[in-house]
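**Student:**
Number of protein chains: 2
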Amino acid sequence: MSRYLNLADTLGRRIEQGLYAAGSRLPSVRDLSAEYGVSLTTVQQAYRWLEMSGLLEARPRSGWYVPMTRSASALPRMGKPTLRPIDVSEWGQIQDLLDLEREEQPVQLGRGMPDVESPSLRPLQAALAREGRHAGIASLHYSDMQGVPALREQLSRLALDAGYQAAPDSLIVTSGCQEALSCAVRALCAPGDIVAIASPSYHGMMQILKETDVQAFEIPSDPVQGISLEALELALDRWPVKAILVIPNASNPLGYTMPEHRKRGLIRLAQRFDVPIIEDDIYGDLVYGWPRPHALKALDEDGRVLLCSSFSKTLAPGLRVGWIAPGRYFDKVLRMKYTGSGPTAPLPQIAVAEFLQKGHYPAHLRRMRRQYQRQRDVMTEWVRRAFPEGTRISHPQGGFTLWIELPESFDTHALDPMLRKNGILIAHGDIFSAAGKYRNCMRLSHAAVFTPRTEWAIRAMGAAIGELLDAPLSGPRHAETQTSAS
Amino acid sequence: MSRYLNLADTLGRRIEQGLYAAGSRLPSVRDLSAEYGVSLTTVQQAYRWLEMSGLLEARPRSGWYVPMTRSASALPRMGKPTLRPIDVSEWGQIQDLLDLEREEQPVQLGRGMPDVESPSLRPLQAALAREGRHAGIASLHYSDMQGVPALREQLSRLALDAGYQAAPDSLIVTSGCQEALSCAVRALCAPGDIVAIASPSYHGMMQILKETDVQAFEIPSDPVQGISLEALELALDRWPVKAILVIPNASNPLGYTMPEHRKRGLIRLAQRFDVPIIEDDIYGDLVYGWPRPHALKALDEDGRVLLCSSFSKTLAPGLRVGWIAPGRYFDKVLRMKYTGSGPTAPLPQIAVAEFLQKGHYPAHLRRMRRQYQRQRDVMTEWVRRAFPEGTRISHPQGGFTLWIELPESFDTHALDPMLRKNGILIAHGDIFSAAGKYRNCMRLSHAAVFTPRTEWAIRAMGAAIGELLDAPLSGPRHAETQTSAS
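Chains as they are written, first to last, in this note's numbering: chain E, 671 to 1156; chain C, 671 to 1156.
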């Protein structure tokens, strides 16, 4: 990382932590240059970067200040509780999300796709090439049904970083986190069963529930505290809930990391009602702070947490290497894995094991966390400037997606013609709800290194939303009203 | 392939086809040497190979003869029809089958594992290495949910060889045939539903039914004609069967290829009762004759056949590249694929596409078919010599497994201590039945190039079976009788 980005990162974190109060002036360029032993240009570049990120503002002939208005972008509101479990709504849109990928050169803000062009992934490519060349035996055979042992050893070490213990023999490698989640749900639930799920939640989870004919009981989630334990307790008390699905760390899409005491509360509830918890920890290693927060599984005393994860967000989704630590449900989950797709392809497993074993993973994570955090700030600022007043923006603690909440009357699908015309891809809010809630929300990915088109896309969306809100009678939702009025 | 094996192959086929009658004398070494323009040594080696395969016998100072007794090894009998659908029995044994793999240097006759050490696979390894090196973009991204387009184009061409048409957009790439079958079953059946399945059948199919809580109606199968259409018609007439599962070409484990008119009869039945057919064509390209027999799907008029296949038997199982041509069930199957594991890893797909596109596949298949057919003959002969009288042996038309039927009173599990002690792995017959039938049967793989230990293992098993049969009172099944008698 270049010098000025390093400096911007350090300063940015101080501002975030409140070491420089809102409205206060930062050290002069000359002072900072002396303090850090860097050139004046470096400091100026760093300040300009922070300005672009909305963390500083320049006042001509006076210096650089922490903006007073920074706290103005409100967080999304917690959803209203649902009263009963429901069948998951149709998946047509998901298909759209995947299909649109085919467009040439889109501005891809829709998919939860990490930046796979980082130079810190080069050792992984080298490992894939090496393993491909020597693919004579190990990588062409059926692998161990649980996954390549060398990889499971590495996963066992990663588990310690996440605060839980998992012997290599207690882990099962899967084709991505999606298969881990699918095996977990199918191991625990039969058709007609009910699961409680944090809302909003990853759309792939919703679709698993739909295809297994399991009903979703959506539990509202706070953008900072996570799943509402109060609403969850009510649900557990009144309904025969078979499992709880949560994403406690750098949650998708809201970005919260549940505070430790809330995690404890969640575990206690699960114990009291004797319900297993399916934990999606896919973004856990991408929480910006260090060390990473513990997984919920770290608090698990009786093997009731099935932790699902993968390298799809931290390394690359094309590897299709995920895993599950299924606790006491090991046997059943292994059978689901066996019958669902057999063993996972060994070649990528061996390459990932080598990448981890050689110690490349922490440096790569550091780099990606910095990039994602910096771009979170930049995109937040772009949205704050371009989107109409009343827009609420999440403040993710990790990962690479922002959750944007527009005024309740707004339907993000009204943007579709404009998005299509301009080749902009977003994730509409309603795919993150079983009931199709959150139509006034969208999720924007800030993973890939920004280009001028990224900022342009945000501005264009902001303008289009503004127009649609200002002209309510011309919006498609009011077509009838318009007709009768004209 | 060396010269003598080429010659042995040609002669072997003539003997098989009856061009040399049982008991007749083959041309002298000198004559054949002149006829084919090869050395005397080459002819002698070819004759010796054919002798080892049981296709010839040497009579001292007289020459080489087609044995009179060759037709003596009887085919397995068709199973008795079951009267109703049943729940699939436990999977503990399957786990044993997979676990035992961990043993060092076993004689592996149990798993349906192709020979992945063939030099004809080298271009595939080269493609994997190339793709690994350039893994920057395509192979690290999420792939198309249906699979890499370049591979689907190649699959579309392979479909023509199997007699059916399938546009690239109508195909879905899966993680092996197992995922294809699992998606097909889950797309068609809900828990409690009944499927009709050819019996015996691939154990992985049985386990899919078990894990989806679907009941299996086992339809007896003839070792030459395949699934009994008469028994199937009865089942369809009396029970609400939701799908028919068959392996029409080089069926696993019996090895039959259904004659064309039986395939037509099967399709007509499915149409009459309006039931979809799940066709497992995984061994279709390994049928020994050329051109390969048509898939059942070639006769499909209304999209009711879901053809499942993979490169796990033809190339290498570690690739985890399979596919499904789901006909009219496309949408539902694609959703199952998406929710079950997401897209398939692109790297192996790209490598396989390259292998196919460059034309390496037909030569590789020719080589493997010859190897598997030759080893079928050799192993058949070994079994015929070593196993007790009354042993019945299948005569597979493709693939690389033999089905051995022992006297009805025999339980192949009585062999377990001996097998364990000697590191011999076989597939017990009962895993090929939902009801745990076929305990007197076993499936032996003849894929890997034989070593002296292979023949030794067959002999050792034969001897052990003989001993157990001769001393019925000491067998574990008769432990009680023994106690009361002594």
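Note that beta-carbon positions come from the ideal geometry of N, C-alpha and C, so glycine has one too.
Values in this document were obtained by computation on a predicted structure and should not be read as measured data.
In this structure, how does DSSP classify E/His1030 when only helix, strand and coil are distinguished?
**Tutor:** Coil at E/His1030, not helix or strand.
**Student:** Determine the extent of the alpha helix (DSSP H) in which C/Gly846 is found, giving its start and end residues.
**Tutor:** Per DSSP, C/Gly846 belongs to the alpha helix (DSSP H) from 846 to 858.
**Student:** Checking contacts by CB at 9 Å: is E/Val884 closer than that to chain C?
**Tutor:** Not an interface residue.
**Student:** Contact check, E/Thr1071 vs E/Ser1115 under 8 Å by CB: the rounded distance?
**Tutor:** Correct: roughly 5 Å between the Cβ atoms.
**Student:** What is the residue span of the alpha helix (DSSP H) that C/Gln714 lies within?
**Tutor:** Residues 710 to 722.
**Student:** Terminal residues of the continuous alpha helix (DSSP H) containing C/Val699?
**Tutor:** Residues 699 to 706.
**Student:** Hey, how far is the Cα of E/Leu1162 from the Cα of E/Met722?
**Tutor:** Outside the shown range of chain E, which is 671 to 1156, sits residue 1162 of chain E, and nothing can be said about it.
**Student:** For E/Ile917, I'd like the list of residues in its chain whose CB is within less than 6 Å of its CB, leaving aside the five on either flank, ordered along the chain.
**Tutor:** Within the same chain, E/Ile917 has close Cβ partners Asp950.
**Student:** Kindly indicate which three-state DSSP category C/Arg1113 falls into: helix, strand or coil?
**Tutor:** It is a strand residue.
**Student:** Distance, Cα to Cα, E/Gln895 vs C/Pro923?
**Tutor:** Cα to Cα, E/Gln895 sits roughly 56 Å from C/Pro923.
**Student:** At what residue ranges does the stretch 950 to 1030 of chain E contain a whole run of the beta strand (DSSP E), taking only runs of 3 or more?
**Tutor:** Counting whole runs of 3 or more residues, the stretch 950 to 1030 of chain E contains the beta strand (DSSP E) stretches 975 to 980, 992 to 995.
**Student:** When you compare each of C/Pro870, C/Ser852, C/Asp679 to C/Val884 by their alpha carbons, which one comes out closest?
**Tutor:** When each option's Cα is compared against that of C/Val884, the closest is C/Ser852.
**Student:** Do the stretch 899 to 913 of chain E and the stretch 823 to 838 of chain E make contact, defined as three or more Cβ pairs closer than 8 Å?
**Tutor:** No contact exists between the stretch 899 to 913 of chain E and the stretch 823 to 838 of chain E.
**Student:** With a Cβ-Cβ cutoff of 9 Å, do E/Thr844 and E/Cys978 count as a contact?
**Tutor:** A contact, by the Cβ cut-off of 9 Å.
**Student:** CB C/Thr1124 to CB C/Met1049, shorter than 9 Å?
**Tutor:** Closer than 9 Å, so yes.
**Student:** Listed from N- to C-terminal order along the chain, which residues in the stretch 974 to 988 of chain E have their beta-carbon within a distance smaller than 9 Å of any beta-carbon of chain C?
**Tutor:** For the stretch 974 to 988 of chain E, which is checked against every Cβ of chain C, the residues closer than 9 Å are Ser982, Leu985, Ala986, Pro987, Gly988.
**Student:** CB-CB under 6 Å to C/Leu906, same chain, minus the five flanking residues each way: which ones, in chain order?
**Tutor:** Phe943, listed in sequence order.
**Student:** Would you say C/Ile937 and C/Leu966 are within 9 Å of each other, going by their C-beta atoms?
**Tutor:** Yes; because the gap between Cβ atoms is below 9 Å, this pair is in contact.
**Student:** I need the boundaries of the alpha helix (DSSP H) containing E/Arg735, first residue and last residue.
**Tutor:** Looking at the sequence shown, residue 735 of chain E is not Arg but Tyr. Segment 733 to 735 is the beta strand (DSSP E) holding E/Tyr735; no alpha helix (DSSP H) there.
**Student:** Measuring only between beta-carbons, confirm whether E/Ala860 sits less than 9 Å from chain C.
**Tutor:** At least one chain C Cβ lies under 9 Å of E/Ala860.
**Student:** At a Cβ threshold of 9 Å, is C/Gly1106 touching chain E?
**Tutor:** Not one chain E Cβ lies under 9 Å of C/Gly1106.
**Student:** Applying the 10 Å Cβ sphere with the 16-neighbour rule, what's the burial state of E/Trp664?
**Tutor:** Residue 664 of chain E is absent from the structure shown; chain E starts at 671 and stops at 1156.
**Student:** Less than 8 Å separating the Cβ of E/Leu977 from some heavy atom of the ligand NAP?
**Tutor:** Among the components of this structure there are no ligands whatsoever, and the ligand NAP is therefore not found.
**Student:** Please return the same chain residues whose Cβ sits closer than 7 Å to the Cβ of C/Trp960, not counting the five positions on each side in sequence.
**Tutor:** There are no such residues.
**Student:** Count the other CB atoms within 10 Å of the CB of C/Gly688; is the residue buried (16 or more) or exposed (fewer)?
**Tutor:** When all chains shown are included, C/Gly688 counts as exposed.
**Student:** Considering only the beta carbon of each residue, do C/Ala678 and C/Leu720 sit closer than 9 Å?
**Tutor:** Closer than 9 Å, so yes.
**Student:** Is C/Met1038 close to chain E? Criterion is C-beta to C-beta, closer than 9 Å.
**Tutor:** Cβ-Cβ to chain E under 9 Å: no for C/Met1038.
**Student:** Would E/Pro870 pass as an interface residue toward chain C - the criterion being a Cβ-Cβ separation below 9 Å?
**Tutor:** It does not; no Cβ of chain C falls within 9 Å.
**Student:** Provide the residue span of the beta strand (DSSP E) that contains C/Pro776, from first to last.
**Tutor:** From DSSP, C/Pro776 is part of no beta strand (DSSP E); its letter is neither H nor E.
**Student:** Compare the C-beta of E/Met722 with all C-beta atoms of chain B and state if any pair is closer than 9 Å.
**Tutor:** Absent from the structure: chain B. Protein chains present are E and C.
**Student:** On the premise that C/Ala1015 lies in contact with C/Gly1132, defined as a C-beta separation below 8 Å, what is that separation, rounded to the nearest angstrom?
**Tutor:** C/Gly1132 to C/Ala1015, Cβ: 43 Å. No contact.
**Student:** Please report the straight-line C-alpha distance between E/Arg684 and E/Ala691, rounded to a whole angstrom.
**Tutor:** Each residue's Cα considered, the two are about 10 Å apart.
**Student:** Going along the chain, which unbroken runs of the alpha helix (DSSP H) with 4 or more residues stay wholly within the stretch 875 to 953 of chain C?
**Tutor:** Runs of the alpha helix (DSSP H) inside the stretch 875 to 953 of chain C: 899 to 908, 930 to 942.
**Student:** Drop a sphere of 10 angstroms on the beta-carbon of E/Asp892, count the other beta-carbons inside from all chains shown, and report buried for 16 or more, exposed for fewer.
**Tutor:** Counting Cβ neighbours within 10 Å, E/Asp892 comes out buried, since at least 16 surround it.
**Student:** Closer than 8 Å is the cut-off here; do at least three beta carbon pairs connect the stretch 1038 to 1048 of chain E with the stretch 865 to 880 of chain C?
**Tutor:** Touching, no.
**Student:** In its own chain, which residues sit with a C-beta less than 8 Å from the C-beta of C/Glu705, not counting the 5 before and 5 after it?
**Tutor:** Within the same chain, C/Glu705 has close Cβ partners Pro697.
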